[in-house]
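Engineer: Could you have a look at this structure, given as structure tokens, before my questions?
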Amino acid sequence: MGEQWSGSTRKQRLPRDWDERRDTVRDRAGGRCQATMRDGTRCVEVGTDCDHIVHGDNHALSNLQWLCSWHHDKKTAREALEARRFTRVPSARKPREKHPGLR
Ligand SMILES: [Zn+2]
Numbered sequence: 001m002g003e004q005w006s007g008s009t010r011k012q013r014l015p016r017d018w019d020e021r022r023d024t025v026r027d028r029a030g031g032r033c034q035a036t037m038r039d040g041t042r043c044v045e046v047g048t049d050c051d052h053i054v055h056g057d058n059h060a061l062s063n064l065q066w067l068c069s070w071h072h073d074k075k076t077a078r079e080a081l082e083a084r085r086f087t088r089v090p091s092a093r094k095p096r097e098k099h100p101g102l103r
């Protein structure tokens with residue numbers, strides 16, 4: 001513990017009552033991971049991490065969920081990937097042109 005935060009400024013941005021919110025989120029989830037598997041069933045792992053559903057500074061309970069470390073890692077990795085993609089290729093979202101032969 002403690003070491004995993006090195007190189008991150010995230011902890012400093014958390015609200016002062018974070019531990020309380022974290023407990024609330026955990027209790028709300030019954031201590032279990034809230035992620036949904038591909039087949040629509042809920043993850044069976046015991047949750048360990050309080051995650052922001054939408055990455056950022058919204059610490060409202062509605063934006064928090066309880067995840068197992070596996071799902072949290074997976075989500076964090078995906079967010080990092082998306083953040084990189086958005087900054088590197090700004091023109092990636094070019095609208096598709098209509099086929100001139102249609103209609
Ligand atoms: Zn999980």
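Take the sequence shown: its letter number 70 is residue 70 in UniProt numbering, and every next letter is one higher.
The C-beta atom is built at its ideal place from N, Cα and C for all residues, glycine as well.
(1) Taking its Cβ as the centre, do 16 or more other Cβ atoms sit within 10 Å of Val-25, making it buried, or is it exposed?
(2) Just curious, the alpha helix (DSSP H) that Asp-19 is in, first and last residue?
(3) Using the beta-carbon of each residue, find all residues closer than 6 Å to any heavy atom of ligand 1 and list them in chain order.
(4) With a CB to CB cut of under 8 Å and the five nearest residues on each side skipped, what residues in its chain are close to residue 108?
(5) Starting from the C-beta of Ala-35, find all residues in its chain whose C-beta is less than 6 Å away, skip the five residues before and the five after it, and write them out in chain order.
(6) Considering only DSSP beta bridges, list what residue 107 is partnered with.
(7) Mapping DSSP to helix, strand and coil, what is Asp-41?
(8) Look at the alpha carbon of Trp-18 and the alpha carbon of Glu-79, and state the distance between them as a whole number of angstroms.
(9) Smallest Cα separation from Leu-14: which of His-55, Lys-74 and Val-46?
Structural biologist: Short version:
(1) buried
(2) 18–28
(3) Cys-33, Ala-35, Cys-43, Glu-45, Leu-67, Cys-68, Trp-70 and His-71
(4) Residue 108 lies beyond the residue range present for the chain, which begins at 1 and ends at 103; the question has no answer from this structure.
(5) Cys-43, Leu-67 and His-71
(6) There is simply no residue 107 to check, as the chain begins at 1 and stops at 103 in what is shown.
(7) Position check: residue 41 holds Thr in this sequence, whereas Asp was assumed. Residue state, collapsed to three classes: coil.
(8) 22 Å
(9) His-55
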